[in-house]
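Note that UniProt numbering numbers the sequence shown so that position 349 is 349, with each residue one more than the last. The beta carbon of each residue, even a glycine, is placed where N, CA and C say it ideally should be. The structure appears below as C-alpha cells.
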Amino acid sequence: MSYLVLARKYRPQTFEDVVKQEHVTRTLANAIVSERVAHAILFSGPRGTGKTTIARILAKAMNCEQGPTPTPCNRCRSCQEITNGNAVDVFEVDGASNNGVDHIRELRENIRYMPAHSRYKIYIIDEVHMLSTAAFNALLKTLEEPPAHVMFLFATTEPHKIPITILSRCQRHDLRRIDLDAVSRHMAFLCQQEGTRIAPETLGLIARESGGSMRDALSLLDQVMSCAQGDISHEQVLDILGVVDQKVLFDMSAAVLAGDVAGILEVIDEVYDHGHNLKELYAALVAHFRNLLVVAMGKNAERLVDVPAHEYALMAEQVRGTSEIYLTRILDILFREESAIRFATDPRLALEMAFIRAFQVKPALSVDTLIQKLDALAGGTYVPPAGGRNHSGGAAANQVRESRPAPESRSGGGAPLRNLGNPAARNAPSPPQAVQATAPRPAADVSDPVAESPPLSAFNPDDPPERSWEKFVERISDRSAPLASCLGKCYLKALTPERLCIQVGGNGFDLKRINKSRELIQQVCDAFFGRSAELEIIAGDRGAQTDDKKKKINQVHQKRQAALNHPLVEAALEIFDGTLVDVKIL
Ligand SMILES: [Zn+2]
C-alpha cells in the first residue's frame with residue numbers, strides 16, 4: 001500500500017474535525033439545517049487553513065444520501081466518492097491551470113445536464129482568482145442564475161483579485177490563520193495516533209516554521225517522521241529542518257538586554273558555523289524583539305504574541321524591568337539595519353555591526369521625551385509624572401518663576417506682584433515660598449512666557465488696585481510679553497483712573513526697558529482706563545537690598561547646585577554627550 005501523507009491521511013471529513021474555523025463551519029451547518037445554503041460560496045483565507053477541505057465537506061453534506069445534513073455519513077456512495085476524489089458529480093477545477101474563457105464555456109455547457117446520481121452537481125474551483133477577465137465574465141451570467149441542481153464553491157488566497165461583480169454574487173466566508181498553539185496541539189494529536197513522541201516545544205518549533213498553515217506543518221511533520229522513528233529529539237528536528245532554535249533568539253535578546261557584547265558575538269559565530277542563513281536569523285530576531293516589546297507593553301500581549309505558553313513566560317521573564325522605550329529603540333535600530341543586512345556581501349559582519357549599534361543604546365529617556373520635557377519646563381507647562389495635571393502644572397510653573405531672583409527692593413507701599421501674565425502660575429494654589437530646585441536653561445531661548453492670551457479685561461473701579469494692576473499687565477502681555485514680564489517685577493505705588501504710578505524694582509535693565517516702552521505703556525494705560533491718564537515711572541530704592549544681599553547670594557548658590565544635580569540635567573548631558581558650561585538662574 002502506498003504511503004499517504006499526513007495531510008491527506010488525516011484530512012478532516014466532518015465540520016467538527018476542522019481546526020479553528022468554527023465561525024465558518026457553524027454558519028454552514030446552520031445554513032444546511034435551515035435549507036438556506038447559497039448556490040455560490042467563496043472561501044478565502046491564507047494557505048493551509050482549510051478552504052478546500054471545508055468545500056469538500058460541504059459538497060458531502062449536500063450530496064450525502066442521508067442529507068442534506070451538517071453531519072455527512074461518510075459511508076454512502078456519494079460520501080465515499082468524494083473522500084476518494086472520484087465523485088462523478090463533484091468537479092474539482094484548478095483555477096490556475098483552467099483559467100481560460102474556453103474552460104468556463106465548457107463548464108457552462110456541462111452544467112445544463114442533471115447530476116449522475118447525486119442531488120447536486122458541485123463545482124469546486126480552487127485558486128479562483130487566477131481566472132482571466134474573460135473567464136470571469138463568462139461565469140457572471142451562470143453565477144447569477146444557476147440551474148437549481150448546480151452549486152459553485154470557490155476557494156482563494158487572494159480575494160482582492162476577484163472582480164467585484166463576481167464577489168457580489170457569492171456568499172463569502174473568510175477563514176482565519178490558525179494560531180501556532182492550535183497547530184501544535186493538532187500535531188500532538190497526530191503524533192499520538194502515529195505512535196511518535198515529540199516534545200511540545202519541538203512541535204512549537206515546527207508550527208512556527210509552518211507560519212500558521214496546517215498543510216505546511218503536516219508536511220514538515222511528515223519530513224521529520226520519515227527521518228527518525230519513535231522518540232524524536234529537539235536537536236534532530238533542528239537538524240532535519242535546518243532552522244535556528246528559538247533558544248538562540250532568547251540567548252541573543254538576553255545578551256542585548258544585559259549589554260553582553262562578547263556573548264552575542266559568540267552566538268552569531270555559533271550560528272554561522274552551523275551554516276544557518278544569517279538573513280533568516282535576522283528576520284527571526286526582529287520578530288522576536290517585536291514580541292518582547294509587545295510583552296513588555298502588557299496589554300492584550302498574550303493574544304498579540306502568537307507563541308507557545310512556555311515561550312511567553314520566558315519572554316515575560318526576560319523583559320521584566322526593561323522599559324518599553326529601550327526596547328522600541330533597539331527594535332528601531334534592528335529595523336534600520338535590515339536593508340543593510342539584506343544586501344550585505346558579508347551578512348555576518350553586517351549582523352555584528354547591527355548588534356554593536358544596538359548595544360550603544362543605553363536605557364534612558366528618549367530624546368523626544370527629554371526635549372518635550374525641556375520645552376515644557378521652559379514654557380512653564382511642565383507636568384511632573386505624579387499628581388494632577390492642573391495643580392502640578394501650576395505649581396511647576398511657579399517653581400520656574402519663583403526661581404527668578406526676588407525684586408531687589410522691598411521698600412514702597414505696594415506689594416510685589418509677580419507671576420503676572422501667566423494665568424497658570426497665577427491660579428496655582430498656595431505657591432511654594434522658597435523653592436530650591438531649578439532647571440537648566442535649554443539651548444533655545446525661553447519662549448514667550450504667556451502660554452495663552454486671556455481676553456482683554458477692562459478697568460473696574462470696584463476692583464482692588466492689585467487686581468486692576470493684574471488686568472493691566474495682562475493687557476500689556478498681549479502687546480509685549482517681555483515688557484509684561486518686566487512690569488510683573490515692579491511695585492504698584494498708585495492706581496486710579498487719573499494716575500498710574502509704578503516703582504521699577506529689579507535691575508537697571510528693567511528700568512531701561514520700561515522707559516523705552518513708555519509710549520506703549522501709555523497707550524495701553526489710556527485704553528485701559530478709557531481716558532487719558534497720567535503715567536509715572538520711578539526708579540526703585542536700591543538701599544534696602546544690601547540687607548538681603550548675602551542671603552540671596554547663598555540662595556543663588558544653592559539653586560545652582562540643585563540644577564547641577566537635577567536628574568533631568570544629568571540625563572540630558574548623557575544623551576547629548578554634552579558638558580555643562582554655565583548655569584543661568586532664570
Ligand atoms: Zn453520506
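Count Cβ pairs between the segment 85 to 103 and the segment 125 to 139 that sit closer than 8 Å; are there 3 or more?
As far as the Cβ criterion goes, the segment 85 to 103 touches the segment 125 to 139, which means the pair count is three or higher.
Ignore the nearest five residues each way along the sequence and tell me which others in Ala-434's own chain have a CB closer than 6 Å to its CB.
Bear in mind that a pLDDT of 40 at Ala-434, under 50, signals an unreliable position, so the number given afterwards is only what the model happens to contain. Within the same chain, Ala-434 has no close Cβ partners at all.
CB of Asp-306 within 9 Å of CB of Leu-180, strictly:
yes
Alpha carbon to alpha carbon, how far is Val-583 from Lys-559? Give it in angstroms, no decimals.
9 Å
Quick check: what's the CA-CA separation for Arg-518 versus Gly-540?
17 Å
Any non-hydrogen atom of ligand 1 closer than 8 Å to Ser-44 Cβ:
no
In terms of residue numbering, what span does the alpha helix (DSSP H) encompassing Thr-25 cover?
22 to 33
Contact set, ligand 1 heavy atom to C-beta under 7 Å:
Lys-60, Cys-64, Glu-65, Gln-66, Gly-67, Pro-72, Cys-73, Asn-74, Arg-75, Cys-76, Ser-78 and Cys-79
Here's the rule: buried if 16 or more other CB atoms are within 10 angstroms of the residue's CB, otherwise exposed. What is Leu-218?
buried
Once the 5 residues before and after Val-90 are set aside, which same chain residues still bring their CB inside 6 Å of it?
Ala-59, Ile-82 and Ile-122
Determine the DSSP secondary structure at Leu-580, reduced to helix, strand or coil.
coil
N-terminal and C-terminal residue of the alpha helix (DSSP H) that Met-214 is part of:
214 to 227 is the span of the alpha helix (DSSP H), which, as asked, contains Met-214.
DSSP bridge partner residues for Phe-43 (one or two, in chain order)
The bridge partners DSSP lists for Phe-43 are Ala-155 and His-173.
Rounded C-beta distance between Gln-223 and Ile-240? I'm assuming under 8 Å.
Yes, Gln-223 and Ile-240 are in contact; Cβ-Cβ is about 6 Å, under 8 Å.
In the DSSP assignment, what are the bridge partners of Arg-197?
For Arg-197, which the question treats as bridged, DSSP gives the partners Asp-231.
Does the segment 167 to 179 come close enough to the segment 32 to 41 to have 3 or more Cβ pairs within less than 8 Å?
yes
Please report the distance separating the alpha-carbon of Asp-526 from that of Pro-461.
Taking the straight line from one Cα to the other gives about 15 Å.
To the nearest angstrom, report how far apart Glu-534 and Gln-555 are at their CA atoms.
39 Å
Pair within 9 Å by beta-carbon distance, Val-256 and Phe-359:
yes
By the three-class DSSP mapping on this structure, what secondary structure does Cys-501 have?
DSSP, read as helix, strand or coil, puts Cys-501 in strand.
Would you tell me roughly how many angstroms separate the C-alpha atoms of Thr-546 and Ala-378, rounded to the nearest one?
For Thr-546, the pLDDT reaches just 47, beneath the cut-off of 50, and the residue's location in the model is therefore unreliable, although a value from the coordinates is still provided. Thr-546 and Ala-378: Cα-Cα distance of roughly 31 Å.
In chain order, what residues of the same chain have a beta carbon less than 7 Å from the beta carbon of Leu-249, not counting five sequence neighbours either side?
Ala-284, Leu-285 and His-288
Is Val-237 helix, strand or coil by DSSP?
The answer is helix: DSSP assigns Val-237 an H, G or I state.
Kindly identify the DSSP beta-bridge partner or partners of Ile-122.
Val-90 and Met-151
Just the C-alpha distance for Pro-497 and Ile-476, rounded to the nearest angstrom, thanks.
17 Å
With three or more beta-carbon pairs closer than 8 Å as the criterion, would you say the segment 144 to 154 touches the segment 110 to 130?
Verdict: yes, contact present.
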